[in-house]
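Position one of the sequence shown corresponds to residue 1 (the numbering used here), numbered consecutively onward.
Using N, Cα and C, we set each Cβ at its ideal position, and we do this for glycine too.
Note that the coordinates shown come from a computational prediction; the quantities given were computed from them, not determined experimentally.
What follows is one structure encoded as structure tokens, with my remarks underneath.
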Amino acid sequence: MLHFDDIVFGPIFSRRLGSSLGVNILPSKGKLCNFDCVYCECGWNKDGRSDNRFPSADEVEMALEEKMSRASSEGVPVDSITFSGNGEPTMNPDFPQIVETTLRLRDRYFPKAKVSVLSNAVLVGRESVAEALMKVDNPILKIDASSDMLVQKINRPVGTCHLKDIVEALKRFDGNFILQTMFLRSPEFDTASPEALGAWMDIVRELRPREIMVYTIDRETPDKSLEKYTVEEMTAFVQPLLDEGFKIQIRG
Ligand code: SF4
1 MLHFDDIVFG PIFSRRLGSS LGVNILPSKG KLCNFDCVYC ECGWNKDGRS
51 DNRFPSADEV EMALEEKMSR ASSEGVPVDS ITFSGNGEPT MNPDFPQIVE
101 TTLRLRDRYF PKAKVSVLSN AVLVGRESVA EALMKVDNPI LKIDASSDML
151 VQKINRPVGT CHLKDIVEAL KRFDGNFILQ TMFLRSPEFD TASPEALGAW
201 MDIVRELRPR EIMVYTIDRE TPDKSLEKYT VEEMTAFVQP LLDEGFKIQI
251 RG
């Protein structure tokens, strides 16, 4: 399974993001998340708990400053800075401060670079987390499942988690976020059944995200019974939303 040992890694070059720095503000040796998704590329929570020390705001600042100043002096471009890594970044208690620092360093070294955060949105009801997410260029927030029952089957929350609370908290973004949704099925569930799809579209219409990214399984998953969807199938699922003018990226 995929694990990041460094706080800042890259830059990695991709056609989609250009030259991208990754930031992991989770423990370096194991996964830590308030979800335990059946498809998580970092594996199951139970297999990654040997290390649960979050890097502090100071440690992240040092790592970022070192990487960005070196890239800048060597003429290496940085087009984007993306928080992803070994779990859920908003769980780091210093997350709001880390966002401030990242934006400040971005402005100093690579003012055109976009800062993105990939989050499962479980903690968006927390004022400080929501405010920090609203400051970055791209808050990419996940809703895979359109009912609490599906959340339990797919995302397997560690504590109490109600979809309606997440949706309620996301209304504060006033559409200024990117919704990320994984389409997949197993013998246990199907996120694209007519009922699940209809409920998901209702959530989309309620939240009106400025952009939607739908994707499917790509790498090895901890649950081996999962099946992916094709780009053609996902395009058909979201066609009504495309017709209504939603901007949707579809990745197979
Ligand atoms: S939210 Fe992300 S990091 Fe957490 S379990 Fe799901 S896929 Fe893994």
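Cβ of residue i versus every heavy atom of the ligand SF4: is any distance shorter than 8 angstroms?
{"i": "C33", "result": "yes"}
{"i": "Y109", "result": "no"}
{"i": "G87", "result": "yes"}
{"i": "Y39", "result": "yes"}
{"i": "C42", "result": "yes"}
{"i": "K153", "result": "no"}
{"i": "N24", "result": "no"}
{"i": "N45", "result": "yes"}
{"i": "K142", "result": "yes"}
{"i": "R120", "result": "At residue 120 the sequence reads Asn, which differs from the Arg that was named. Yes, the beta carbon of N120 sits closer than 8 angstroms to at least one heavy atom of the ligand SF4."}
{"i": "D36", "result": "yes"}
Could you tell me how far apart the beta carbons of residue i and residue j are, in whole angstroms, since I believe they sit closer than 8 angstroms?
{"i": "D79", "j": "L17", "result": "6 angstroms"}
{"i": "W44", "j": "D36", "result": "6 angstroms"}
{"i": "V23", "j": "T82", "result": "7 angstroms"}
{"i": "F95", "j": "K153", "result": "Not confirmed; about 28 angstroms, so no contact."}
Using the Cβ count rule (16 or more neighbours within 10 Å means buried), how would you classify residue i?
{"i": "G87", "result": "buried"}
{"i": "M234", "result": "buried"}
{"i": "M149", "result": "exposed"}
{"i": "S69", "result": "exposed"}
{"i": "I250", "result": "buried"}
{"i": "Q239", "result": "exposed"}
{"i": "N300", "result": "This structure cannot settle anything about residue 300, because the visible part of the chain is limited to 1 through 252."}
{"i": "S73", "result": "exposed"}
{"i": "G159", "result": "exposed"}
Which class does residue i belong to by DSSP, given the choice of helix, strand or coil?
{"i": "F173", "result": "helix"}
{"i": "G10", "result": "strand"}
{"i": "N138", "result": "strand"}
{"i": "E211", "result": "strand"}
{"i": "V151", "result": "helix"}
{"i": "S186", "result": "coil"}
{"i": "N45", "result": "helix"}
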